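Residues in the sequence shown are numbered from 0 upward in steps of one, following numbering that gives the first Met the number 0.
Backbone N, C-alpha and C define an ideal beta-carbon position, used for all residues, glycine too.
The structure displayed is predicted, hence computed values, not measured ones.
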Amino acid sequence: MKLIGLVGTNSTKSTNRQLLQYMQNHFADKAEIELVEIKDLPVFNKPTNKKVPEIVLEIAEKITNADGLIIGTPEYDHSIPAVLMNALAWLSYGIYPLLNKPVMITGASFGTLGSSRAQLQLRQILNAPELKANVLPDEFLLSHSLQAFDKDGNLVDLEIIQKLDAIFDDFRLFVKITNKLSNAKELLHKEAENFNWESL
Ligand SMILES: Cc1cc2nc3c(=O)[nH]c(=O)nc-3n(C[C@H](O)[C@H](O)[C@H](O)COP(=O)(O)O)c2cc1C
0 MKLIGLVGTN STKSTNRQLL QYMQNHFADK AEIELVEIKD LPVFNKPTNK
50 KVPEIVLEIA EKITNADGLI IGTPEYDHSI PAVLMNALAW LSYGIYPLLN
100 KPVMITGASF GTLGSSRAQL QLRQILNAPE LKANVLPDEF LLSHSLQAFD
150 KDGNLVDLEI IQKLDAIFDD FRLFVKITNK LSNAKELLHK EAENFNWESL
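Structure follows, in structure tokens:
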């Protein structure tokens, strides 16, 4: 199984990136997880010629070719980071790499809530007409993320590891099931292509 781990931050030191790196190593025998950064994307400016930058197309192609996507999001002011929203705006501007894509959301925060509000918001965003991803219902929230890893980058709390293991196993099943739901796929794709926020 080939998955993309989308790092939802442009911060050089990030516990959300750390969590995705941990998953990449910890689940190496279950899936190949490639981490993808969004920090170098230009700010979305709705180009009138609908030309999407090459760097966005490269990410879109990786997502299209993957069986599923894991999005790791921090929480800033009860919201997802601007850089993640920016990436999603590009990834829904005349291209549809997330359509029907199985998605697992992870989030880490220094505080107790583990990015729960950002995750909820991300679910709503991923339901937009030109994104329309299939999001796993389970949430993985990592609270107190600064204390969550040892010096080798491994999670220290056994209960948290067990929870992540269980959710990831469910996600692998979800990927297989979702990728079989093909009856409405073509129709949904056409709907997304024909959708236009700006038609008068
Ligand atoms: C401007 C700003 C706003 C934040 N807002 C929230 C918030 O609304 N809820 C929360 O739990 N943590 C909040 N935090 C704490 C972040 O969760 C934490 O700083 C960090 O981004 C965790 O992810 P990271 O290690 O990947 O950067 C905020 C941090 C900053 C800098």
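Helix, strand or coil at residue i according to DSSP, with G and I counted as helix
| i | result |
| --- | --- |
| V6 | strand |
| Y21 | helix |
| A107 | strand |
| I69 | strand |
| S78 | strand |
| W89 | helix |
| V42 | coil |
| V55 | helix |
| T63 | helix |
| A27 | coil |
Beta-bridge partners of residue i, as assigned by DSSP
| i | result |
| --- | --- |
| L34 | G4 |
| P101 | N133 |
| F139 | T105 |
Span separating the alpha-carbon of residue i from that of residue j
| i | j | result |
| --- | --- | --- |
| T14 | A107 | 6 Å |
| F43 | H25 | 34 Å |
| H188 | L112 | 36 Å |
| L27 | R16 | According to the sequence displayed, residue 27 carries Ala and not Leu. Looking at the two C-alpha atoms, the distance is approximately 16 Å. |
| A191 | N64 | 19 Å |
| N182 | K175 | 15 Å |
| G110 | Y92 | 34 Å |
| L121 | L90 | 14 Å |
| D137 | K179 | 20 Å |
| N9 | V55 | 15 Å |
Beta-carbon proximity check, residue i vs residue j, cutoff 8 Å
| i | j | result |
| --- | --- | --- |
| V6 | V35 | yes |
| L141 | A147 | yes |
| T105 | I79 | no |
| K131 | N99 | yes |
| M22 | D66 | no |
| I223 | V82 | Nothing about residue 223 can be reported from this structure: the residues present for the chain run from 0 to 199 only. |
| E53 | A117 | no |
| N133 | T177 | yes |
| I260 | K49 | Because the chain spans 0 through 199 in this model, residue 260 falls outside it and cannot be assessed. |
Would you list, in sequence order, the uninterrupted alpha helix (DSSP H) runs of no fewer than 4 residues that lie entirely inside the segment 141 to 194? 157 to 177, 184 to 193
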